[in-house]
Every structure is written in C-alpha cells, then in structure tokens.
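*Asks:* Residue numbers (the working numbering): 10 to 125. Note that the Cβ used here is the ideal one computed from N, Cα and C, for glycine as well.
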Amino acid sequence: MLPLLWLITDFAEVCGTYTGEKDDYVAEFKLYDDSVFQYTGIREFPFEVSEGTWNLIGDTVILTTLPCKDPDALNRYPVRTYKTFTNERFLFRKNALIPIDHNNRLVKSESLQKEK
Numbered sequence: 010m011l012p013l014l015w016l017i018t019d020f021a022e023v024c025g026t027y028t029g030e031k032d033d034y035v036a037e038f039k040l041y042d043d044s045v046f047q048y049t050g051i052r053e054f055p056f057e058v059s060e061g062t063w064n065l066i067g068d069t070v071i072l073t074t075l076p077c078k079d080p081d082a083l084n085r086y087p088v089r090t091y092k093t094f095t096n097e098r099f100l101f102r103k104n105a106l107i108p109i110d111h112n113n114r115l116v117k118s119e120s121l122q123k124e125k
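(1) For the stretch 16 to 98, list the alpha helix (DSSP H) runs that are entirely contained and at least 4 residues long, ordered along the chain.
(2) Does the stretch 41 to 54 touch the stretch 112 to 123, meaning 3 or more C-beta pairs lie closer than 8 angstroms?
(3) Whole angstroms are fine: how far does the CA of LEU75 sit from the CA of ALA36?
(4) Going by other Cβ atoms of all chains shown within 10 Å of its Cβ, with 16 needed for buried, is VAL45 buried or exposed?
(5) Can you give me the Cβ contacts of THR73 inside the same chain, cut-off strictly under 7 angstroms, excluding the 5 residues immediately before and after it?
(6) In terms of DSSP beta bridges, what is LYS123 paired with?
(7) When DSSP labels each residue in this structure, what does ARG114 get in the three-state scheme?
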C-alpha cells in the first residue's frame with residue numbers, strides 16, 4: 010500500500026480575506042495568523058456572523074466555531090444570526106478556498122477567492 014502524500018501548504022500563505030458570492034448571497038472569511046477566523050454572510054436580510062479557530066492540515070483548512078461571546082448582542086440586532094461551523098472543510102488552492110465534504114469530495118458551491 011502506498012502512503013498518502015499530503016500537499017503541505019504554508020500557514021502564512023493561507024492567512025487573509027476570502028470572499029465569494031452566489032445568487033443574492035455574499036460570504037467573507039478572514040483567516041488570521043493566530044488561527045482565528047471571522048465570518049460574515051450577507052443576504053438582503055438577515056446576515057450571519059461567526060468566529061472561531063482554523064487549522065491547516067496538509068492543504069485542507071478546517072474551521073470550528075467558538076460559542077458566541079455575546080448572544081444578547083444578537084438579540085439587539087434581529088437581522089443577525091450566529092452561524093456554527095463544526096469541522097467545516099475547505100481545500101486551499103491557488104489563493105482560493107474550495108468547500109469539500111468530510112470525505113474530501115468537492116461540494117457544489119462557489120469557491121472563495123483571496124483578496125489581494
């Protein structure tokens with residue numbers, strides 16, 4: 010049996026802001042060098058927010074949401090919801106994040122492009 014070959018991606022290369030849009034939906038992920046991410050998803054209304062940690066394994070970015078720091082703040086903004094990502098996976102390729110499922114298959118969705 011041949012060993013699995015992992016494409017190792019430089020952690021610093023992945024950091025940055027990624028955006029994508031599909032129909033009336035715009036998503037933005039910010040990946041910081043301290044392994045924290047922030048997410049904003051905007052439809053006309055409501056819009057979603059999230060934050061958590063991200064990890065890089067090979068060429069796969071894995072997002073995991075932290076519990077909402079201030080759930081009462083969400084109630085003050087009724088058009089805002091807190092989205093949960095649990096081991097959400099993206100393949101990193103040429104300054105883009107491409108959604109994949111837990112079996113490493115591409116998800117039929119738009120990729121997110123890194124801003125320059």
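*Replies:* According to the data block:
(1) 20 to 23, 80 to 85
(2) no
(3) 18 angstroms
(4) exposed
(5) GLY61, THR62, PHE94, THR95, ASN96
(6) TYR27
(7) coil
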